[in-house]
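Here the structure comes first, spelled out in C-alpha cells, and everything after it is commentary.
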Amino acid sequence: MSFEPVLLRNRGVPDVQRLEVYQQRGGYRALEKALRMSPAEVVQVVKDSGLRGRGGAGFPCGVKWTFLPKDHSGPIYLCVNADESEPGTFNNRILMEEDPHQVLEGITISAYATRATTAYIYLRYEYGRCYRTMQRAVDEAYAAGLLGRNILGRSDFHLDVYLHRGAGAYICGEETGLIESLEGKRAWPRIKPPFPAVEGAFRKPTIVNNVETLACVTHILDRGADWFKSIGVPPDPNNPRDLGSYGPKLYCISGHVNNPCCVELPLGVTARQLIEEHGGGVWKGRKAKAVVPGGISMGFLSESELDTPLDFIGPTKVGCLGLGTAAVIVIDDQTSMVDVLYNSCRFFRHESCGQCTPCREGTEWMTKILARIRRGQGELSDLDQLLEIANGIGITPGTTICGLADGAAWPVKNALTKFRAEFEEYIRHHGRHHDQR
Amino acid sequence: MAVITINDKDVQLAESERLNLIQAAQRAGYEVPHYCWHPALTVVASCRMCLVEVGEKKPDGTVAMQPRVVPACQTPARPGMVVRTNSEKAKAAQAATLEYLLLNHPLDCPVCDQAGECYLQDYSYKFGRGYSRFKEDKIIRPDKDYIGENIALFTDRCVMCSRCVRFTREISGTAELQIIHRGAHAEIDVFPGQPCNNKLAGNVVDLCPVGALCSKDFLYKQRVWFLKSTSSVCPRCSTGCSITIDHHKDIVYRLRPRANPQAQGWFMCDEGRFGYKYINAADRLISPMVRHDKHTLYVGWEEVLPVLRRQVRQAVTEAPESAWLVLSPWLTCEEAYLAVRWFRSLSPQTRLASGPVPVVGEDDRYPKDVHGNPPPLDKTLFTIRAEKCPNRLGVEAILKHYQGTIHSFDAVLEAARRGEVRVLYLTGGYPEPGWTSEHCTALEGVGTLIVQDILPSPLTSVAKYILPGAAFAEKDGTFVNHAGLAQAIHRAVQPPGEARSDARIFVDLLERRGLPHAPALRAELASEIPCFAPLNAGQIGPLGVFLNGEGKP
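Protein chains in written order, with this note's numbering: chain A, 1 to 437; chain B, 1 to 553.
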C-alpha cells in the first residue's frame, strides 16, 4: 500500500512540537493560503472536500459551518472537542501530543472560516501531557503573531485560544454537554433546537468540532479539496443517504492484539486488514471473537464480519451503530462476551448524566441484570429483557436527548443477537464453565 | 386559523397561539402524561414521559410519520402537523418510561402523603403496566428532612423531573436546590447549611408531581382523598392569590395556589400558604358576649341583636354624628355594603371609617438576582405585597360611594380621645389582632363599644358587645385585590361554635329576612354602586372580574 500519512506525517520528528520545526516542515502554509481567500471560500473548500466530522457522528463539517447565522454581530465561538473519552479512542491525544501546531493551524483556519473570534479547546482532564504541549504551542503561536490580534498582519482577523480542562465525564464530549460544561454548569446535554450553530456557548453561535476534523482542515486547505476526495470511499450511488467517506482517518487499534497502535489510513480499510497488517495479529496466537468497530458505543463485529470496510456506512450494514471514532478494540476467543458486555454496560451506567429517565434508569437496570447473570443467577428470559431495555432506551430513535443511550444500547443489541448462544450457554451453566479456564 | 390533527381529531389554533403538543392535545381532549414540563417553567424535556409520534399531512392527503418519537413538551404545534399520542409506538414509549421511573421507587404508597394526588399513581394506572419486571435490588437513598423549614425530601420517591430546581432558579431566583451525583444516583439536595427557606419555598411541594417533596405542615395530617376542595382567595396580602382550601370536617388542612393569570399566576407565598392556622385556633371567639360591669356573659344571638340594635338606634337618634362604623379591610364587599346600609339606615349623618390597613415593609418582588435584589418591574414574576389585607380597595370603594371622603382609623381614635364617640361599631377579622392596648386607652371614652372580630384581643376585654365573626374560609363574598380584580371567596368550613359570617350578622341587624346569599348580594351591590357594575351577573368565574376595565375602582 502506497498511502503516505498526512495527519501523522510529523510523528516522531524531533522537536516538531516547536513552532520553528513545524514551520520548517511546511507548517502554517495552509493558514497563509486560507487568509488569501475569503471566509466563505474557505467554507466552500471544506464543503467541497466532503470532510465529515471525526468525532463519531460523521456530520459534514462544511455544512455544519453554514448553519451559522449570516451577518451575526458576534461573538461566534469555536469549541474544539478534545474531550476524547470513547473507550478505545486515543487519536486526538496523539495529534495533540505529537503535532500540536497542526491542530492549532486547523483551529485558526476554521475560526477564520466561521468568523469565530474565540476558540475554546475543551480538553479531557486526564490529558495532562496534551495540555502542556498544547499550551506551549498556543504560547508560541501568540508570540509569533499566529494568534491574538491581527493574525499574520491581517487587521480584520483576531483569534484568542483558551485551553479548558474538562470535568472528567464522558458526557462532556457530547457537543451541547461540552458547551454546558464550558459555561460552568453540569454537563447536561441541551435539547435541540436551537442547535449550537444558532445558540451555543454563552447563548452565542458556536461551532463544535473534533480535534481530528480540524487537523484535516489544515491539509484540505494546504492540498485542496480534490486531493482529499481522492482518498477514501465515494458514496454508494444506490444509497442516497450515503455522503461518502473521504479522506485519511486515524484508526486506533487496541485490545487483544500484538501491537496496539494508532495508524493513519484511507477510510474504508477493513477490520481484518487493521488487525493483521497494523495490529500485528491477535495476541497469543488466538483468534478474534469480536471486534468493536469504532468505540464501544458502536457495537460489535463478529469474526465473520471482519471484512466490513470501516467507513462511515460500512459498520451500519452489519448491524452496528456506525463508524464512531474508528477505535478498533479486538476481543479474543478466550474472552467471555458476558464480561465484555457487562463492562460496557457498567461504563455507560457510570457515565449516564441522569437527565433523561430512559438512559438514567435503563443503563442501571441493564448493568444490574448482567451483574446477576455473572453471579450465576441469570435466567434465559433476562436476555429478552435486556434486548427490550436496549430497544427502549436507545434503539428507538428520539427516546432521549443525546446519543449516550444509543451508545449504551447498541453493544447490548449486537452482543445479544450476534453472540446469543454464548449468553444462553453461560446462563444454563450458571457461568461456571467460564470460571474453570 | 391553523389546523393540527391529534389522533384523528382536528384542533384549531389561532395564528398568535404558541402551544406545545401537550397543550394542543389537551384542547383535543387527550391527556399526554408529563412530569418535567410545567407551563411556568422552562422546558427541559428530560422526563421523556410525553413521547408522542408526529408526522405531516402531505398535499396529496397522505400522512408521513417521522420514524422517531418526540417529546410533546418540546415540540411546538405547527399547522398541518399530525400527532399520535396513543399509537402503539407512543404508548410503548410512555409505558417504558413509567416502568423505568418505578424501578427504584419504593412503592410506599400506603404511607405516602402524595397518594391519591400522585402522578406516578395516576399515570401508572392510565399508561403503565400492572406489574414490575425488575428483579434486582433497588437503590436506597436517605430521606432528607433538612431541605427546608417546611419541606422534607423523600429521596427515593423522586423522579428527577427537576421542576423544584428550576423553580428556585427561575421564579424565586434563590437557587437553593440542586442535583447532586450522576446517573441513577442523582438526587435533589441543598448546599450544606443553606436550606430552601425562601418566601416562595412551599411551591416546590406543589410542583413536585410525586411524593418526594412534602410539606412538613401537612405531612401525615390527612389522607388527601378525604379532603374537600373549595376555591377561594388568599387574604394575607393585596395580591389576592387564587387558592384552593383543602378541608375536612370543618378543619382547614392546607391552602394550595390555583392557577390564575389575572391574579398571581401559578404560585403563592409561604406567608399565605401557612397563614391559615388562625382559622383553626383554639381561642377563637365562639359566642356573642355582653359586658355587665366587669363580667362578660355569653348570650345567644337572638338575645344580643335586638338589644344592640335598640341601643345603637337610640344613640344615633340622640347624636348621629357621634356614631361610628369602622369597616375592616378584611370584610368582603358584600359585608361592608350591608354594614353601611344598616348604619346609614339609622341616620345619614353617621360616620363611616376604614379600619387599620396593615403595611409591612415594601413589596417583595421575585425572581431575585444572585445578590438577593429584586428584578425590574417588567421582569417581575411574583410579588408579595406590603399591604397585608385582602380587600382595602373594595371596602374603600363602598365608603367612597356612601360618604365621599374616607375617615381613617386614626380619625376615629382622635374623635374618641376628644370624647366625641358615643357608639363605635368596630369590625375586625385580622389574623394577628390589630388592636393594641394603645387603642384600648384611646377608646376608653367611647360610650358603647361593639367589637365584631374573630380572635380575642385587648379590645374584646373592654368592649360592651363582642360579636364573633367568621374568617375568610368560613364565608362567601368578594375580595378586590390591588389591581381591582374582584374575586369570589367561598365558604369551606363552618365558623366555630356560635360564630357567624359577618354578612349574616348585618342581615339580621338590617332585619332582612333569610340568610345572606353572596350572588344576590353581589348583584344588589352592582346595581347600587356604579363601580361594582361589572359584577351585575352575581356570579364571578374562577378567575375573577376586573372592575373598571383593568384599572383600580
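In this text, a Cβ means the ideal position worked out from N, Cα and C, and glycines have one as well.
Which residues share a DSSP beta bridge with residue i?
{"i": "Pro248/A", "result": "Pro266/A"}
{"i": "Leu153/B", "result": "Lys144/B and Leu213/B"}
{"i": "Cys261/A", "result": "Ile253/A"}
{"i": "Pro71/B", "result": "Leu51/B"}
{"i": "Trp324/B", "result": "Arg351/B and Leu424/B"}
{"i": "Lys9/B", "result": "Ile6/B"}
{"i": "Glu187/B", "result": "Ile180/B"}
{"i": "Asp453/B", "result": "Pro468/B"}
{"i": "Pro76/B", "result": "Asn20/B"}
{"i": "Gln487/B", "result": "Phe479/B"}
{"i": "Arg254/B", "result": "Asp246/B"}
{"i": "Gly148/A", "result": "Leu159/A"}
{"i": "Arg241/A", "result": "According to DSSP, which records beta bridges pairwise, Arg241/A is partnered with nothing at all."}
{"i": "Ile121/A", "result": "Val80/A and Leu163/A"}
{"i": "Glu422/A", "result": "Note: Glu422/A sits in no beta bridge, so no partner."}
{"i": "Gly398/A", "result": "Bridge partners of Gly398/A: none, in fact."}
Just to confirm, is the Cβ distance from residue i to residue j under 8 Å?
{"i": "Gly295/A", "j": "Gly324/A", "result": "yes"}
{"i": "Glu335/B", "j": "Asp502/B", "result": "yes"}
{"i": "Ile171/A", "j": "Leu404/A", "result": "yes"}
{"i": "Leu103/B", "j": "Glu361/A", "result": "yes"}
{"i": "Lys64/A", "j": "Ala197/A", "result": "yes"}
{"i": "Gly319/A", "j": "Gly299/A", "result": "yes"}
{"i": "Tyr35/B", "j": "Met49/B", "result": "yes"}
{"i": "Pro431/B", "j": "Tyr278/B", "result": "yes"}
{"i": "Val233/A", "j": "Asp311/A", "result": "yes"}
{"i": "Leu346/B", "j": "Val312/B", "result": "yes"}
{"i": "Leu327/B", "j": "Val395/B", "result": "yes"}
{"i": "Pro468/B", "j": "Cys440/B", "result": "no"}
{"i": "Ala499/B", "j": "Leu297/B", "result": "no"}
{"i": "Ser322/B", "j": "Phe409/B", "result": "no"}
Assuming the contact rule is C-beta atoms closer than 8 Å, residue i and residue j should be a hit. Round their C-beta distance to whole Å, please.
{"i": "Leu41/B", "j": "Phe167/B", "result": "6 Å"}
{"i": "Val282/A", "j": "Val330/A", "result": "6 Å"}
{"i": "Ile171/B", "j": "Leu399/B", "result": "Between Leu399/B and Ile171/B the Cβ distance is about 36 Å, and since that is not below 8 Å, they are no contact."}
{"i": "Glu271/B", "j": "Ile450/B", "result": "Not really, about 31 Å apart at Cβ, beyond 8 Å."}
{"i": "Leu101/B", "j": "Thr357/A", "result": "6 Å"}
{"i": "Val42/A", "j": "Leu221/A", "result": "7 Å"}
{"i": "Glu136/B", "j": "Arg372/A", "result": "6 Å"}
{"i": "Ala45/B", "j": "Val83/B", "result": "No, Ala45/B and Val83/B are not in contact; Cβ-Cβ is about 16 Å, not under 8 Å."}
{"i": "Asp453/B", "j": "Gly429/B", "result": "7 Å"}
{"i": "Cys158/B", "j": "Val111/B", "result": "No, Cys158/B and Val111/B are not in contact; Cβ-Cβ is about 16 Å, not under 8 Å."}
{"i": "Tyr137/A", "j": "Leu104/A", "result": "Going by the sequence as given, residue 137/A is Ala instead of Tyr. Yes, they are in contact, since the Cβ atoms of Ala137/A and Leu104/A sit about 5 Å apart, within 8 Å."}
{"i": "Gln487/B", "j": "Ile540/B", "result": "7 Å"}
{"i": "Glu56/B", "j": "Gly80/B", "result": "6 Å"}
{"i": "Asp236/A", "j": "Gly173/A", "result": "Contact doesn't hold; Cβ gap of about 29 Å is too wide."}
{"i": "Gly173/B", "j": "Lys368/B", "result": "4 Å"}
{"i": "Thr114/A", "j": "Leu78/A", "result": "6 Å"}
{"i": "Ala416/B", "j": "Leu424/B", "result": "7 Å"}
Answer with yes or no whether the minimum CB distance from residue i to chain C is below 8 Å.
{"i": "Lys368/A", "result": "Among the protein chains in the structure shown, which are A and B, there is no chain C."}
Let me know the beta strand (DSSP E) ranges lying completely inside the stretch 201 to 249 of chain B, each 3 residues or longer, listed in chain order. 213 to 215, 228 to 233 and 242 to 248
Pick out the complete alpha helix (DSSP H) segments inside the stretch 275 to 341 of chain A, 4 residues or longer, and give them in chain order. 314 to 317
Considering only residues of the stretch 327 to 412 of chain B, which uninterrupted beta strand (DSSP E) runs meet the minimum length of 3 residues and lie entirely inside it, listed in chain order? 351 to 354, 364 to 366 and 382 to 384
Enumerate, from N- to C-terminal direction, the unbroken alpha helix (DSSP H) stretches of 4 or more residues contained entirely within the stretch 28 to 113 of chain A. 29 to 35, 39 to 49, 61 to 66 and 91 to 98
Residues of the stretch 324 to 345 of chain A with a CB closer than 9 Å to any CB of chain B: list them in chain order, please. none
Interface residues of the stretch 58 to 71 of chain B facing chain A [CB-CB below 9 Å]: Gln66, Pro67, Arg68, Val69, Val70 and Pro71
Entirely enclosed beta strand (DSSP E) segments - the stretch 155 to 235 of chain A, minimum 3 residues: 160 to 165 and 206 to 210
Which residues of the stretch 372 to 383 of chain A have a Cβ closer than 7 Å to any Cβ of chain B? Give them in chain order. Arg372
In the stretch 397 to 418 of chain A, which residues sit with their C-beta less than 9 Å from some C-beta in chain B, listed in chain order? Pro397, Gly398, Thr399, Thr400 and Ile401
Members of the stretch 120 to 140 of chain B near chain A, C-beta cut-off 8 Å: Arg133, Phe134, Lys135, Glu136, Asp137 and Ile139
Can you give me, in chain order, the residues of the stretch 103 to 118 of chain B that have a beta carbon less than 8 Å from any beta carbon in chain A? Leu103 and Asn104
Chain-ordered residues of the stretch 40 to 51 of chain B with a beta carbon less than 9 Å from chain A: Val43, Val44, Ala45, Ser46, Cys47, Arg48, Met49 and Leu51
Which runs of the beta strand (DSSP E), 3 residues or longer, sit entirely within the stretch 92 to 136 of chain B? none
Listed from N- to C-terminal order along the chain, which residues in the stretch 183 to 205 of chain B have their beta-carbon within a distance smaller than 7 Å of any beta-carbon of chain A? Gly183, Ala184 and Ala186
With 7 Å as the limit, tell me which residues of the stretch 75 to 101 of chain B have their beta carbon closer than that to any beta carbon of chain A; keep them in chain order. Ala93, Ala96, Thr97, Tyr100 and Leu101
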